[in-house]
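Numbering (our numbering), first residue to last: -6 to 41. All residues carry an ideal CB built from backbone N, CA and C; glycine is no exception.
Structure (C-alpha cells):
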C-alpha cells in the first residue's frame, strides 16, 4: 500500500511540475511575442 501511495505522489508531483514549467515557457513566449507586436504596430519600446 505504501508503495502505491509513493508512486501516486511521484506522478501527481511530476504532473504538477510539468504544468508549471509549460505555463512559464508559454508565458515567456507570449510576452515576447506581444512586445514584438507592440513594437511593430505602435512603435513602442521593448522595455516598457
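Query	Result
Roughly how far, in whole angstroms, is the beta-carbon of residue 28 from the beta-carbon of residue 19, given that I think they are within contact range, below 8 angstroms?	Not quite, the Cβ-Cβ distance comes to about 15 angstroms (not below 8 angstroms), so this is no contact.
State the Cα-Cα distance for the pair residue -4 and residue 3, rounded to the nearest angstrom.	11 angstroms
Looking at the secondary structure, which residues open and close the alpha helix (DSSP H) in which residue 26 lies?	-5 to 35
Can you grab the Cα-Cα spacing for the pair residue 24 / residue 13, in whole Å?	16 angstroms
Taking the straight line between their C-alpha atoms, what separation do you get for residue 0 and residue 9?	14 angstroms
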